[in-house]
Structures are given as C-alpha cells and as structure tokens.
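What follows is one structure encoded as structure tokens, with my remarks underneath.
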Amino acid sequence: MTIPFRAAALVASAVFFLPVATMSPALAKKSAGASAVLKAVDTDNDGTIDLKEVQAAASASFDALDPDKDGTLDAKELKGRLSASGLKKADPDNDGTLDKKEFLALAESLFKDADPDNDGTVDAKELKSPAGKALAKLLK
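Counted the way mature numbering (1 follows the signal peptide of the UniProt record, and there is no 0) counts, the sequence shown spans residues -28 to -1, 1 to 112.
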C-alpha cells in the first residue's frame, strides 16, 4: 500500500467512523427509546406501528398510569408524559384530568401527527421525528 493511499484510507475511515464514535450517550438513548417503543407496540412485528397497535398500547398505558382506578389521569399520574400545555390541549372539558376517551383521542392525534406520509403506519424514522417522539413519550 502506498503512503498516499494509506492516508486516503485513513481519512475515509475517520469520516465514516467519527460520527458513530462521537455520538452522545443522550442521542444513543433517544434512538434506543424510539426503538424500544416500536418493539413494544409493534405486536404484529412488521416493523411499523398502526393506529390499532397505538390504541391498544395507549389503553394499557392508561390503565397502568391510573393506580387509584378513578378512570382519570391528572398531571402527577401522567408522570411527565405530557406538558402542562399538552394536558390543557388534550382536556376538552377543562377538568384538569384526562379520562380514557380523551387519552385515546390524544394518542390518535399524536399518531396522525407522526405519520406525515399518511400511509397509516409509523416506522422507526417517523418515530424519531418530534411528533413521533411525543407519541413515544406518551406510550412509554
């Protein structure tokens, strides 16, 4: 191998591998978070999630987040899955809580926002978008 060729190979390697090697742990965790949500929600294992899968996951999340079984979730029970302004927007009766119907409507709205190509599914790439991250955060 000649010296110029070795240098070119070294530069090419650095260009290719440096972004991977310097990926922040937070970024890696976010990617893993979206992947974990996809894996958990994708019950038919087709690599995407559809509205039916999201609704089933949202229903299970609601039940798990409602320890007092009063049929509503307040800000404390939502455990940071929704901002105060997000809760207000998702709460049409303005009672400061989400009942299951409101929670499922929110999940559907977030799903539609995360599906910009309107193909009825959200894939791993779409789940990493801001809208997809909001959906993943709700379902985690």
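Glycine included, each C-beta is placed from N, C-alpha and C at the ideal position. None of the values given here were measured: they were computed from a predicted structure.
Same chain, Cβ closer than 8 Å to residue i, five either side skipped, listed in chain order
i     : result
Asp63 : Thr69, Leu70, Glu74
Own chain partners of residue i with C-beta closer than 6 Å, once the 5 adjacent residues on each side are dropped
i     : result
Ala29 : Val13, Leu111
Thr15 : Glu25
Neighbour-count burial assignment, residue i, 16 or more Cβ in a 10 Å radius
i           : result
Gly104      : buried
Asp87       : buried
Ala6        : buried
residue 132 : Only positions -28 to 112 of the chain appear in the structure, and residue 132 is not among them; the question remains open.
Ala8        : exposed
Ala106      : buried
Backbone secondary structure at residue i - three-state DSSP
i       : result
Leu110  : helix
Ser(-5) : Note that Ser(-5) scores a pLDDT of 32, beneath 50, so its modelled location is shaky and nothing firm can be said.
Residues of its chain near residue i, where Cβ-Cβ distance is below 7 Å and the 5 sequence neighbours each way are ignored
i     : result
Ala77 : none
**Prompt:** Per the contact definition of three or more C-beta pairs closer than 8 Å, is the segment 18 to 29 in contact with the segment 49 to 61?
**Reply:** No: fewer than three Cβ pairs fall under 8 Å.
**Request:** Starting from the N-terminal side, write out each stretch of the beta strand (DSSP E) that is 3 residues or longer and does not extend beyond the segment 68 to 107.
**Result:** Runs found: 93 to 95.
**Message:** Extract the residue ranges of the alpha helix (DSSP H) inside the segment 7 to 69, only unbroken runs of 4 or more that lie entirely within it.
**Reply:** As for any alpha helix (DSSP H) of minimum length 4 sitting wholly inside the segment 7 to 69, the runs are 23 to 37, 47 to 50, 56 to 61, ordered along the chain.
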